[in-house]
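Novice: Residue numbers (my numbering): 1473 to 1608. Note that beta-carbon positions come from the ideal geometry of N, C-alpha and C, so glycine has one too. The following block contains the structure, expressed as structure tokens.
Following this line, the structure appears as structure tokens:
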């Protein structure tokens, strides 16, 4: 299943559904193949009921002003581009004012899938890996 995007946009945004301990909510995330981790707004993770007092770990993220040490918390599920990840760790970051995204969908979400960005047809697709597709 492919999803539309604007090839002229400054960023590739998509809707993702995230389930936390207390609720499920849709967010507009930026597809970011330059980010190793999926990163969500700390404020939105609090709304989902995530507890930062017991993070599953910490990560160092490069930011516009340097490097930030951020907590990693697990969300019950995250769904985007027709794919679902469960018990998924995400980094929590306080995004600066003026940032027009709820978070970043990073490489950790895409691993094990084939991500296709078709700029001619303005479509993106995340499909299961099938070795025979690469040689046909």
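1) As a quick exercise: from 1557, 1530 and 1588, pick the residue whose alpha carbon is nearest that of residue 1565.
2) Is any heavy atom in the ligand MN found nearer than 6 angstroms to the beta carbon of residue 1560?
3) If you run the structure through DSSP and keep just helix, strand and coil, what is residue 1580?
4) Whose C-alpha, out of 1567, 1492, 1519 and 1523, is nearest the C-alpha of residue 1537?
5) Only counting runs of 4 or more residues, tell me where the alpha helix (DSSP H) segments fall wholly within the stretch 1495 to 1572, in order along the chain.
6) Restricting to Cα atoms, I'd like to know which of 1493, 1508 and 1477 is closest to residue 1578.
7) Relative to the C-alpha of residue 1585, which candidate in 1592, 1495 and 1554 has its C-alpha closest?
8) Take the Cβ of residue 1510 as the centre, count every other Cβ of all protein chains shown within 10 Å, and call the residue buried at 16 or more, exposed below.
9) On the premise that residue 1522 lies in contact with residue 1547, defined as a C-beta separation below 8 angstroms, what is that separation, rounded to the nearest angstrom?
10) Measure the Cβ-Cβ separation of residue 1533 and residue 1503 and say whether it is below 7 angstroms.
11) Classify residue 1608 as buried or exposed, calling it buried when 16 or more other Cβ atoms lie within 10 Å of its own Cβ.
12) Sorted by chain position, which residues of the same chain lie with C-beta nearer than 8 angstroms to residue 1475's C-beta, five sequence neighbours on each side aside?
13) Near residue 1498, what residues of its chain come up, given a Cβ to Cβ distance below 6 angstroms and the 5 sequence neighbours on each side ignored?
Specialist: Per the coordinate set shown:
1) Selected option, being the one with the closest Cα: 1530.
2) Absence of the ligand MN from the depicted structure is noted, as is the absence of any ligand whatsoever, leaving it without description.
3) Secondary structure at residue 1580: helix, using DSSP grouped into helix, strand and coil.
4) Selected option, being the one with the closest Cα: 1567.
5) Restricted to the stretch 1495 to 1572, the alpha helix (DSSP H) segments that are unbroken, complete and at least 4 residues in length are 1514 to 1520, listed in chain order.
6) The candidate whose alpha carbon is nearest that of residue 1578 is 1508.
7) Nearest option by C-alpha distance: 1554.
8) Residue 1510 should be labelled buried.
9) Sure, about 7 angstroms apart at Cβ, within 8 angstroms.
10) Going by C-beta atoms, residue 1533 is not nearer than 7 angstroms to residue 1503.
11) Because residue 1608 sits at a pLDDT of 49, beneath the cut-off of 50, its placement in the model cannot be relied upon, and the point is left open.
12) Excluding residues within five positions, the ones whose Cβ falls inside 8 angstroms are 1486, 1553, 1554, 1595, 1596 and 1597.
13) Excluding its 5 nearest sequence neighbours in each direction, residue 1498 has C-beta neighbours in its own chain below 6 angstroms: 1487 and 1489, listed in chain order.
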